[in-house]
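The UniProt record's numbering applies: residue 1 is where the sequence shown begins, and numbers increase by one. For every residue, glycine included, the Cβ atom is placed at its ideal position computed from N, Cα and C. The structure displayed is predicted, hence computed values, not measured ones. Heads up: the structure comes next, in structure tokens.
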Amino acid sequence: MVSVPTVDLRTWRTDGSPAVVDRALRTAGFLLVSGHGIAPDLRAAVRAQARVFFRLPEEDKRPYAVEVGGRGWLGPGAEANGYAEGTETPPDLKESLSFAAEGPGEDPSVGSEWFAPNTWPAEVPSLRPLVTAYLARMRRLSDGILELLGVALGEGETFFTRHTTRPTWGFNINWYPDLRTAGSPRPGQFRIGPHTDFGTVTVLDRQQGRGGLQLFTDEDGWQNAPYDPDALTVNIGDLMAFWTGGRWRSGRHRVLPPPVDEPAEELMSLVYFYECNPGTDVLGIDSHRYLREKLDAIRVR
1 MVSVPTVDLR TWRTDGSPAV VDRALRTAGF LLVSGHGIAP DLRAAVRAQA
51 RVFFRLPEED KRPYAVEVGG RGWLGPGAEA NGYAEGTETP PDLKESLSFA
101 AEGPGEDPSV GSEWFAPNTW PAEVPSLRPL VTAYLARMRR LSDGILELLG
151 VALGEGETFF TRHTTRPTWG FNINWYPDLR TAGSPRPGQF RIGPHTDFGT
201 VTVLDRQQGR GGLQLFTDED GWQNAPYDPD ALTVNIGDLM AFWTGGRWRS
251 GRHRVLPPPV DEPAEELMSL VYFYECNPGT DVLGIDSHRY LREKLDAIRV
301 R
């Protein structure tokens, strides 16, 4: 089992957690966080309503279809995360509902790309208020995590959050259907192929399963990710690794294909990608140009 510490966000300023965080992010790039304040009932309600959408006939979902980076439904075969590493893998065995930051941007050209309106499925009207409530909590939580990371890096609580006054974010509800729905995996095919996330910090509410999350470290290779139903999983992405000058590593991970001996296993993850303000210079890297290039890279054409 990969060593991934659990940090209580209510007490990290007094219990020595910053040093623990620094060590973990230098090896696996992952943490578990407790004391996050996101109610289990809200997480369960988002999943329940999203499941209503995913179980609709394909012809009802098709009007919401978008490509990677869009706001709407990413259907089967739309995405292959292994492409980000330059690996020609089969498409990922998943479907997603994708949402992102809304509202006018300070620069109209930035606003049209990164702050466009979301698409909400008319067939599931109760999904919108639930997701909106969840996202408001995620924004506050993510800034709190960035404060912890700033201290862990030895730079102070506002080192990262001074760049999140007008941040972009993405939110994917990933549905990993059972084997009977997805079909038998092809060689080298995963629910999500091996990759590192591209941005700043990812906050993941996941379910445990045989076809679940695995982490990679140089010391241990691929190992099952530790799981705590009361904790959220946090990993840093490429931009955060760049920001630290390579001190911390972007957490490499994958989601295993549906298990052959448990053909009915179905999982759903709530994945929040929190980014900095558009135009932020990360040690010479244009943050959002990098994000766009990576999103374009994993699109199946």
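For residue i, three-class secondary structure by DSSP
i, result
"Phe198", "coil"
"Asp296", "helix"
"Asp281", "strand"
"Gly82", "helix"
"Trp120", "coil"
"Asp261", "coil"
"Ser3", "coil"
"Leu97", "strand"
"Trp248", "coil"
"Gly72", "strand"
"Ala65", "strand"
Among the options, the one whose alpha carbon lies nearest that of residue i
i, options, result
"Gly82", "Gly150, Phe190, Gly279, Phe216", "Phe190"
"Thr11", "Leu25, His36, Phe160", "His36"
"Arg71", "Leu42, Glu113, Val46", "Glu113"
"Asp281", "Pro263, Leu239, Asp220", "Leu239"
"Pro18", "Gly193, Arg210, Gly150", "Gly150"
"Asp15", "Asp228, Ala152, Gln223", "Ala152"
Whole-Å CB distance - residue i paired with residue j, under 8 Å assumed
i, j, result
"Val21", "Leu148", "6 Å"
"Glu79", "Ile298", "6 Å"
"Pro258", "Tyr176", "7 Å"
"Asp178", "Glu85", "No, Asp178 and Glu85 are not in contact; Cβ-Cβ is about 27 Å, not under 8 Å."
Residues bridged to residue i [DSSP beta-bridge criterion]
i, result
"Tyr272", "Phe171, Val203"
"Gln214", "Asn224, Arg254"
"Tyr176", "Leu267"
"Asp8", "Ser34"
"Asp286", "Asp281"
"Ile236", "Val201"
"Ile192", "Val255"
Segment contact flag, the stretch 19 to 33 with the stretch 240 to 255, C-beta cutoff 8 Å, min 3 pairs: yes
Validate contact between the stretch 140 to 160 and the stretch 192 to 209 using beta carbons, cut 8 Å, 3 pairs: yes
Meets three-Cβ-pair contact criterion under 8 Å: the stretch 155 to 172 and the stretch 268 to 280: yes
Meets three-Cβ-pair contact criterion under 8 Å: the stretch 74 to 94 and the stretch 174 to 183: yes
Stretch-stretch touch, CB-based, cutoff 8 Å, three pairs: the stretch 58 to 65 with the stretch 215 to 232: no
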